[in-house]
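Residue numbers (my numbering): 97 to 490.
Ideal Cβ placement from N, Cα and C applies to all residues, glycine included.
Just below is one structure, and these are the notes that go with it.
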Amino acid sequence: MSYVRPVVFLACLFLVGPVLAQGKWTKLAAFPEPAEELLGASAGGKMYVFCGLAPGWKPIGMVYEYDPAGDKWTKKKPMPLASHHVSFTEYKGKIYAFGGFVLPQSGPAAWVPIDNAWEYDPATDNWKALAPLPTKRGSPVAVTVGDKMYVIGGATTLPGSSAVHPARPHYSVGAVEEYDPAANTWRARAPIPTPRNHATAGVVNGKIYVIGGRATLPGSSAVHPARPHYSVGAVEEYDPAANTWRARAPIPTPRNHATAGVVNGKIYVIGGRVGGAFVSSGSSNVGIVEEYDPATDAWGSPRARMPSARSAMSSGTWGGKIYVTGGEGQDYVSMFAFRALEAYDPGANTWTVLPNMPVGRHGLAGAVVGNHLHMVSGDVQSAGTGVHVHTDSH
97 MSYVRPVVFL
107 ACLFLVGPVL
117 AQGKWTKLAA
127 FPEPAEELLG
137 ASAGGKMYVF
147 CGLAPGWKPI
157 GMVYEYDPAG
167 DKWTKKKPMP
177 LASHHVSFTE
187 YKGKIYAFGG
197 FVLPQSGPAA
207 WVPIDNAWEY
217 DPATDNWKAL
227 APLPTKRGSP
237 VAVTVGDKMY
247 VIGGATTLPG
257 SSAVHPARPH
267 YSVGAVEEYD
277 PAANTWRARA
287 PIPTPRNHAT
297 AGVVNGKIYV
307 IGGRATLPGS
317 SAVHPARPHY
327 SVGAVEEYDP
337 AANTWRARAP
347 IPTPRNHATA
357 GVVNGKIYVI
367 GGRVGGAFVS
377 SGSSNVGIVE
387 EYDPATDAWG
397 SPRARMPSAR
407 SAMSSGTWGG
417 KIYVTGGEGQ
427 DYVSMFAFRA
437 LEAYDPGANT
447 WTVLPNMPVG
457 RHGLAGAVVG
467 NHLHMVSGDV
477 QSAGTGVHVH
487 TDSH
């Protein structure tokens, strides 16, 4: 869970067309509502933006549909319960939402984990409540393998507590639960050996690979985002057919707030932070790129570094390349939001610096629809007290 100081920001949607050598940013229809920590998904050739946090850390249940052909936003039925840090996955043209956090009914601002599970049908613009998630949590990962969905890890309350405060200790979840959409039933599966939240997950050849995230320090029962904690180096492979986990080669550079893409059966982990969870809490951004090959269980030799070391960025994969934009940066005097757009070609092991995003942002939503990478909303102010919009070329 990234801590960001809220600002009122009227966001716009921009796209880059990767069919062009350098591409270009085009200003499209403005996103109707200012928000951050958004979640994006695509279905049926359209992009859907869900949830988010309004200024003041207020969770919102908004849903908007963007039609690239008509350059038009359409407001859809909101989520039945406004929440944030929900996990989404797509299956047969429908979008499934699991877990998340809501505000407490009384008392100071905090995050209460929930067990909500929803199915959204873009064709009918309807939400349907599903059997509740057995373990209440926020910030899990959700993936689809075959005709089942898997919700893995996440964050929940400490024993005896009713809520998670993002700047105070919280507990990493190891639970793995499988959802069968045909029967609307859940069943517990083997827990992940290394409980974690805010992890990265990829599916290759029917197996799930969970990489990175953050967890408790050895001997500790909680993660404290503003203090040293354990950036997970463990890579764990889950076989849904056998319901087994096995440890794989650890990532050479443990980190959090990274992004990843899958190209030709290999997983590329890009950027992120080492150290604290917040840019302002003793962390360091890295531009490191590491390639994992599930077939050989090996991490390759160091890859070309991302030109702009950053974290909390958005990415999309198209045409065998991984496009990375936005994110948080830091120097010796300030924190700032990046404008940089950079494309990584794993085959050539090269980075291409593309035109900067018009406004530096982090915590934004992104999705590839057709042959365009769409970036929506986000925050122009980074964590901490310093504000700096990055305008240099990279």
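Beta carbon of residue i, beta carbon of residue j: below 9 Å?
i       : j       : result
Gly-368 : Gly-308 : yes
Gln-249 : Val-237 : Note that residue 249 is Gly in the sequence shown here, rather than Gln. Going by C-beta atoms, Gly-249 is nearer than 9 Å to Val-237.
Gly-196 : Ser-179 : yes
Glu-387 : Pro-350 : no
Arg-292 : Ala-311 : yes
Leu-199 : Asn-212 : no
Thr-231 : Glu-273 : yes
Leu-226 : Tyr-187 : no
Ile-363 : Ala-354 : no
Glu-333 : Thr-290 : no
His-266 : Ala-284 : no
Tyr-216 : Lys-244 : no
Val-382 : Ala-405 : yes
Quick check on residue i: buried or exposed, where buried means 16 or more other Cβ atoms within 10 Å of its Cβ?
i       : result
Thr-296 : buried
Ser-397 : exposed
Thr-494 : With the chain covering only 97 through 490, there is no way to say anything about residue 494.
Pro-209 : buried
Tyr-246 : buried
Gly-361 : exposed
Asn-222 : exposed
Arg-233 : buried
Pro-218 : buried
Pro-155 : buried
Ile-288 : buried
Asn-467 : Below a pLDDT of 50, predicted positions are generally treated as unreliable, and Asn-467, at 48, falls in that range; the measurement from the model is reported next regardless. Answer is exposed; the Cβ neighbour count stays below 16.
Ala-139 : buried
Thr-185 : buried
Pro-348 : exposed
Pro-390 : buried
Thr-446 : exposed
Ala-394 : exposed
Asn-280 : exposed
Val-159 : buried
The ligand ADP and residue i: does the residue's C-beta get closer than 8 Å to at least one heavy atom of that ligand?
i       : result
Arg-399 : The ligand ADP is absent from the structure shown, which contains no ligand whatsoever.
Along the beta strand (DSSP E) that carries residue i, what are the first and last residues, could you check?
i       : result
Met-245 : 244-248
Asn-222 : 222-225
Val-382 : No beta strand (DSSP E) holds Val-382; DSSP gives it neither H nor E.
Arg-344 : 340-344
Asp-335 : 331-335
Asp-276 : 272-276
Ile-191 : 190-194
Ala-444 : First-last for Ala-444: undefined, no H or E at that position.
Ala-400 : From DSSP, Ala-400 is part of no beta strand (DSSP E); its letter is neither H nor E.
Val-239 : 237-241
Ser-183 : 183-187
Could you have a look at residue i and say whether DSSP puts it in helix, strand or coil?
i       : result
Lys-232 : coil
Ile-210 : coil
Lys-417 : strand
Trp-282 : strand
Asn-360 : coil
Tyr-428 : Here the model assigns Tyr-428 a pLDDT of 46, short of 50, so the residue's position is not dependable and the matter cannot be decided.
Asp-217 : strand
Pro-155 : strand
Arg-310 : strand
Asn-293 : strand
Thr-355 : strand
His-266 : strand
Val-576 : Since the first residue of the chain shown is 97 and the last is 490, residue 576 is not available in this structure.
Thr-253 : coil
Pro-176 : coil
Ala-117 : Any answer about Ala-117 is weak, because its pLDDT of 41 lies below 50 and its placement is not dependable; what the coordinates show is given next. Three-state DSSP puts Ala-117 in coil, outside helix and strand.
Pro-200 : coil
Arg-369 : strand
Ile-288 : coil
Ser-327 : strand
Ala-45  : It is not possible to answer for residue 45, since the shown part of the chain is limited to 97 through 490.
Thr-170 : strand
Gly-298 : strand
Leu-140 : The question names Leu, but residue 140 in the sequence shown is Gly. Coil.
Ser-411 : strand
Ile-304 : strand
Assuming residue i and residue j make a contact with CB atoms under 8 Å, what is their CB distance in whole Å?
i       : j       : result
Val-239 : Val-299 : 5 Å
Glu-161 : Lys-173 : Between Lys-173 and Glu-161 the Cβ distance is about 10 Å, and since that is not below 8 Å, they are no contact.
Val-385 : Met-409 : Not a contact, Cβ separation roughly 13 Å.
Asp-276 : Lys-303 : That pair is no contact at about 19 Å.
Ser-411 : Ile-418 : 6 Å
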